[in-house]
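Residue numbers (my numbering), protein chains in the order written: chain V, 1 to 452; chain X, 1001 to 1330; chain A, 2001 to 2306. Glycine included, each C-beta is placed from N, C-alpha and C at the ideal position. Values in this document were obtained by computation on a predicted structure and should not be read as measured data. What follows is one structure encoded as structure tokens, with my remarks underneath.
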Amino acid sequence: MKREVHQRRRHRASNKILAAGVAVSLLSLQMAGSAFAQERVKVEWWHALGGRLGDIVAELVTDFNASQDKYELVATHKGNYEENMAAMVAAYRVGQQPTLIQAAERGFMTMLNSGAVIPVPELMEQQGYDIDWDDFVAPVSGFFLVDGVPAALPFNSSTPIFWYNGDMFKQAGFDAPGETWQDVEKQLYAIKEQGISSCSMALANDFFWSLIENYSAIHDQPYGTLANGFDGLATEFVFNKSPLVVGQLERLAKWMDGGVLQIAGQGLSPEQLFTSGTCATYVASTAAHAGISSTAPFAWSATYLPHEEGIEPKNSTIGGGALWVLKGEKDEEYAGAAAFIDYVASPEVQAWWSSQTGYVPVTNAAYDMLKADGYFEENPTREIAILQLGRGEPTENSRGFRFGNHNQSMQILVEEIQGVWTGQQTAQQALDNAAARGNEILRQYEQLHAGQ
Amino acid sequence: MPDSNVTTEMGGATARPPIALGLALTRLLPRTSESGLKTAHFRKPWIAAGLLAPQLLILLFFFFIPSYKALSLAFVQVDPFGAREIFVGFENFSRLLMSPDYQRSAFFTLWFTAVQAFVTIALAMLFAFATDFVIRGRGIYKSVILMPYAIAPVISGVLWAFLFNPAVGPMAQFIHSLGLPWDPNRRPFDAQMLVIVATVWKHICYDYIFLVAALLAVPHSLLEAAKLDGARPVRRFFTISLPLITPTIFFLIVMNVVYGLFETFGIIDAVTKGGPAGATNTLVYKVFQDGFVQLNLGSSAAQSVILMIVAILFTVLQFRALERKVNYQV
Amino acid sequence: MIERNLGLTIFCHAVLLLGAAAVCLPLYFAFVAGSLTLQEVQQTPFPWVPGTHFFDNIVSAWNQGNFSRLYFNSLVVTIGIVIGKLSISLIAAFAITYFRFPFRMTAFWLIFVSLMLPVEVRIIPTYEAVADAGAPLRWLFSATGLSGLIETVSGYRIEAALQWNMINSYGGLILPLIASASATFLFRQFFLTVPEELCEAARLDGAGPVKFFFDILLPLSRANIAALSIILFLFGWNQYLWPLLFTTDDSMATAILGLKDLVPVADTAPAWNIAMAAAFFVMLPPAVIILVMQRWFTKGLVDSGK
């Protein structure tokens, strides 16, 4: 099968050469003037960013293509992360894959152990670029580290922060949300009871990430054994054994029953519950900046995620996508891919990208550049994510998560937690079930990838 | 005129039709035939082979070979990139069949499919009958009832979810104003109702259009004859039209069951995502989730195998039990 | 058939009006959402009355996507699906109902079973099949040793000839979507109801199967062909997952993909007004097809044949 793929690829290559030959001869029949444009090497990149983010990506690509004349990056939006991944897997199996692919952080293990990727540092070294991996913001690159260097380029990285409606807090007699969950709870109930808002908090669709996973990182609770999977495939989920995590879920369930916490459900983005002024607060990604700043007609603001009383909070972890380089392409395409990665990682582009999208800058150089420009003085909420990510010394429990097929166990976790919302089971039961079912997935993954 | 006189025509048993009706029907009495073969037929196997070839070839390349590849993964655990594969025998199957979630999903799928098929056909029949009966505005009704089918599923799914969204949806507000509870995010039964309403809505146009076409094909002469016998419109529908459109109804029953079992994952994905807590997770939505979204190809293949076996059993049963009652020879 | 039955007439109109209202409810809200501004579309509760920005939104939606190209692709693919599926299933159903030949039931069940696994569920292997449609033939040739034989005799490498990559081609978009039995099954059901006399008479007249098919069967099937064309047009036009996975070249994308691109995703401004407005011009071709094709339903087709 492998040989077949190679043959096909060779065939494809020869077709391309033939086609290029025809094109060149046609051109020479006309004028040689535009021949330069034809010689650009096309580099394919599939990504998962649509809507406004898609427009910003398109701008990024245009700028890159204008910045040099050797390569033409062709970016294709292949739907959401799952669709993008499925399309790439299908294409890879028949040798039609793109050179670059954007994959979600949860797919890290799938990508890393696929045998289909070239680690980004290896590519950059081959292509003669010198990238200072130490300059990457530690909790961002830490998620992707393999042997001290990130296997993929963190591209769109975010972390959850606490969004709130400043007008409603003022009306209830508070300057700002409290720092601890205990204080926040009192405030949310006060907002509800004073009739300021019928819903004090909108539940984000990725609440498992913002309110469970990041909660355990910030409170230094082990989510799984073996340093959340960083130390081996034999890791097991243990989030159900942490009284804090169980307590967090119980709290959320209590809020929901009390009408303080509202599920948006399908057909409505939870962000809309917040920006329309229905719900007073919202725990979501810092990348919501783009949407909230353009649509919320009130004095919105954001702050750090709350923590438990009496516990020193640790750093939160990232979510979002990274750029991976796929095997099986031609060297000139790799040269183009490396040029693009180098371009994306440059401080200027990072600063631009971060300010446009709300994602965090991934290098210290870019962060310093924004700071020097006074960007964070004008936009203080933009800095929360970076400060929260860099808070304290990362521990084994706050570095990130490395579980095989993590999207599968995440899906199970959500399903079990929904059983708490519907009143079918308690928080402890839900987390026990989720851990047990998730562990089955981890064992299958371990079995399949034994020896890696 | 007693009903039984005409309905027995369906089975092809002896009938004693009144004279006017009898005249029209005697020359149309059913004859014995090999299942699904016209009594008057051709015997040119090579022409038949040529006529079948395009369909069979396309199916071979784009259905059978891919399906075989997909289903063969049922016995392995595999990395989606195809780099690693271990044979696990029937482990994927036993894991599924032992799982309470899978059993619950299977149970929901069965009653969901049955209810959905019944409600869709019944409502479509009512609309089709009414369309056939009214004279004014028939074309407009047909166009308007078919129109929603034209809107892209990526939009209509979102619209459905939105309309019934407990926080903002206009329909949800209407239900609340009646003093009824409604929250598909937290009440599994509400979510199941919502999925049924949305799938019925999605498929009703399909059934409607074929029923309208079938009713149009009912011979005028028979209806006139029945009218001369004094049968009123509703009676005529049940005694003449309904028996004559049984082939279409049979087609629709099979297609609705197939639709319910296989083609509802798009709308479920838009409306409930299988939740809350798996309450609307049908078997095919699970196949789609595990196979396409989660790239768990082994388990997804095993689920497809089970689903196909169930569907084929279902269909054979339908052909055996129902097709006998279908009246093909008009 | 002139008949007065006022009660029933009123009842039927009431049923149809109610049904039309119910099925059109989502459509109405799509229109309302499409007529609002970005701020208005976010307000809760959602308004029941449309705003005034419908045409502005249509224009900005049209300009955001390369819709003229996407429209063209969608039309080609959809018409390909309608014509392709209609023709192969008409003749296949004809063969199955009007010919006696060995393995007739086997052929029927082979076709029928293809209803049992939608393309979305077997999408990755289907992609492989389309990217390399020649693979099964190459396998056949090498397994039977034919390729070696051909190579020694003619010096021609058969494997090289059997490379068909249909990625980013209309054929690749169309063919997997017509590999299903629903239409064949429908025509089989219909052909079985066609009076036996017609075929007997045709044979007495000395007409062969081809003449019978074109002169008698096809005209009789008009209403069913019209109904199916509508269904298939909508099916083809509204395809999402397969074109999404399959097209890597933006110039091969379809209108639905363009529409989906406008649908807000997480982390961006929820511009539902633009997406809903776009939904209307994307549904225009199917709407026209419905209006045109429903005229083909005319009464008395079977009678006229007798």
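For residue i, list the residues DSSP reports as bridge partners.
i	result
Met201 (chain V)	V:Leu261 and V:Thr281
His47 (chain V)	V:His77
Thr2009 (chain A)	Note: Thr2009 (chain A) sits in no beta bridge, so no partner.
Lys42 (chain V)	V:Glu72
Ile1086 (chain X)	X:Gln1077
Trp209 (chain V)	For Trp209 (chain V), which the question treats as bridged, DSSP gives no partner whatsoever.
Val146 (chain V)	V:Val149
Val325 (chain V)	V:Leu100 and V:Ile118
Trp163 (chain V)	V:Tyr282 and V:Ala302
Taking only the alpha-carbon atoms, compute the straight-line gap between residue i and residue j and give it to the nearest angstrom.
i	j	result
Arg470 (chain V)	Tyr1102 (chain X)	The first residue shown for chain V is 1 and the last is 452, placing residue 470 (chain V) beyond what the model contains.
Ser1221 (chain X)	Val1254 (chain X)	30 Å
Val1293 (chain X)	Lys1286 (chain X)	10 Å
Arg1095 (chain X)	Gln1303 (chain X)	11 Å
Glu415 (chain V)	Glu1091 (chain X)	23 Å
Leu2115 (chain A)	Tyr2127 (chain A)	18 Å
Trp1111 (chain X)	Leu252 (chain V)	33 Å
Ser276 (chain V)	Pro2045 (chain A)	10 Å
Leu1295 (chain X)	Asp1207 (chain X)	34 Å
Glu105 (chain V)	Ala58 (chain V)	22 Å
Gly259 (chain V)	Tyr164 (chain V)	17 Å
His449 (chain V)	Gln411 (chain V)	21 Å
Ser1035 (chain X)	Gly1139 (chain X)	37 Å
Ile1047 (chain X)	Phe2094 (chain A)	11 Å
Phe403 (chain V)	Asp1079 (chain X)	15 Å
Leu2036 (chain A)	Lys2260 (chain A)	19 Å
Pro121 (chain V)	Tyr129 (chain V)	9 Å
Asp2215 (chain A)	Ser1072 (chain X)	45 Å
Arg1084 (chain X)	Phe108 (chain V)	17 Å
Ser200 (chain V)	Thr278 (chain V)	8 Å
Tell me, please, whether the CB atom of residue i is closer than 8 Å to any CB atom in chain D?
i	result
Met2276 (chain A)	Here chain D cannot be found, since the structure's protein chains are V, X and A.
What does residue i touch in chain A if you count any residue whose Cβ is under 7 Å from its own?
i	result
Glu1263 (chain X)	Pro2118
Can you pull the chain X residues whose beta carbon is under 9 Å from the beta carbon of residue i, in chain order?
i	result
Asn2057 (chain A)	Correct list: empty, because the minimum Cβ distance to chain X is about 14 Å.
For residue i, which residues in the same chain have their Cβ closer than 8 Å to its Cβ, ignoring the five residues on either side in sequence?
i	result
Ser141 (chain V)	Trp133, Pro150, Pro154 and Val362
Ala13 (chain V)	Only weak support is given to the placement of Ala13 (chain V): the predicted model assigns it a pLDDT of 41, under 50, and the value that follows is read from those uncertain coordinates. Once the five neighbours on either side are set aside, the close Cβ partners of Ala13 (chain V) are Lys330.
Trp2164 (chain A)	Asp2132, Ala2133 and Gly2134
Which chain A residues sit within Cβ distance under 9 Å of residue i?
i	result
Ala87 (chain V)	Tyr2127, Leu2244, Leu2245, Phe2246 and Thr2248
Using a Cβ-Cβ cut-off of 7 Å (strictly less than) and excluding sequence neighbours within five positions of residue i, which residues of its own chain qualify?
i	result
Ala87 (chain V)	Trp46 and Lys78
Leu1215 (chain X)	Ala1128, Asp1132, Ser1241 and Ile1245
His1176 (chain X)	Trp1182
Glu236 (chain V)	Gly224, Thr225, Asn439 and Leu442
Val1326 (chain X)	Thr1246, Pro1247 and Phe1250
Pro139 (chain V)	Asn315, Thr317, Ile318, Leu389, Gly390 and Pro394
Leu982 (chain X)	In the structure displayed, chain X extends from 1001 to 1330; residue 982 (chain X) sits before or after that span and is not available.
Among the residues of its own chain, which have a CB less than 6 Å from the CB of residue i, if the five just before and after it don't count?
i	result
Met111 (chain V)	Ala103, Val117 and Trp324
What residues of chain A sit near residue i, judged by a beta carbon separation below 8 Å?
i	result
His77 (chain V)	Asp2261
Can you name the residues of chain V whose CB is closer than 9 Å to the CB of residue i?
i	result
Gln1173 (chain X)	Those within 9 Å of Gln1173 (chain X) in chain V number zero; the least Cβ separation is about 13 Å.
Gln1294 (chain X)	Glu82, Asn405, Asn407, Gln408 and Gln411
Tell me whether residue i, by its Cβ, gets closer than 7 Å to a heavy atom of the ligand NAD.
i	result
Ile196 (chain V)	As for the ligand NAD, it is missing from this structure, which has no ligand bound.
Please list, in chain order, the chain X residues whose beta carbon lies closer than 7 Å to that of residue i.
i	result
Gly419 (chain V)	Ala1277
Ser2114 (chain A)	Leu1059 and Phe1063
What does residue i reach in chain X if we use C-beta pairs closer than 8 Å?
i	result
Gln447 (chain V)	Gln1077 and Ile1086
_chain V contacts made by the stretch 1069-1083 of chain X, where a contact means CB separation under 8 Å_ = Per Cβ criterion, the list reads Gln1077, Val1078, Asp1079, Pro1080, Phe1081, Gly1082 and Ala1083.
_Contacting positions in the stretch 1253-1281 of chain X - beta carbon closer than 7 Å to chain V_ = Look at the stretch 1253-1281 of chain X: the residues with a C-beta under 7 Å from a C-beta of chain V are Ala1270, Val1271, Thr1272, Lys1273, Gly1275, Pro1276, Ala1277 and Gly1278.
_Residues from the stretch 148-165 of chain V in contact with chain X, defined by Cβ distance under 8 Å_ = Taking 8 Å as the Cβ-Cβ cut-off against chain X, none of the residues of the stretch 148-165 of chain V qualify.
_Please list, in chain order, the residues of the stretch 2020-2048 of chain A that have any C-beta partner in chain V closer than 7 Å._
So the close ones are Leu2038, Gln2039, Gln2042, Gln2043 and Thr2044.
*Listed in chain order, which residues of the stretch 1177-1199 of chain X have Cβ atoms closer than 9 Å to some Cβ of chain A?*
Residues are counted here when their Cβ sits less than 9 Å from a Cβ of chain A; for the stretch 1177-1199 of chain X the count is zero.
*Going along the stretch 109-125 of chain V in order, which residues come within less than 8 Å of chain X, judged by CB to CB distance?*
Within the stretch 109-125 of chain V, the residues whose Cβ lies closer than 8 Å to some Cβ of chain X are Thr110, Asn113, Ser114, Gly115 and Ala116, listed in chain order.
*Can you give me, in chain order, the residues of the stretch 1111-1128 of chain X that have a beta carbon less than 7 Å from any beta carbon in chain A?*
Interface annotation for the stretch 1111-1128 of chain X against chain A: Leu1126 and Phe1127, criterion Cβ-Cβ distance under 7 Å.
*asked:* Give me the subset of the stretch 1151-1169 of chain X whose CB atoms are less than 9 Å from a CB atom of chain V, sorted by chain position.
replied: Answer set for the stretch 1151-1169 of chain X: Gly1157, Val1158, Leu1159, Trp1160, Ala1161, Phe1162, Leu1163, Phe1164, Asn1165, Pro1166, Ala1167, Val1168 and Gly1169.
*When you check each C-beta in the stretch 2166-2198 of chain A against every C-beta of chain V, which residues fall closer than 8 Å?*
Taking 8 Å as the Cβ-Cβ cut-off against chain V, the residues of the stretch 2166-2198 of chain A that qualify are Ile2167.
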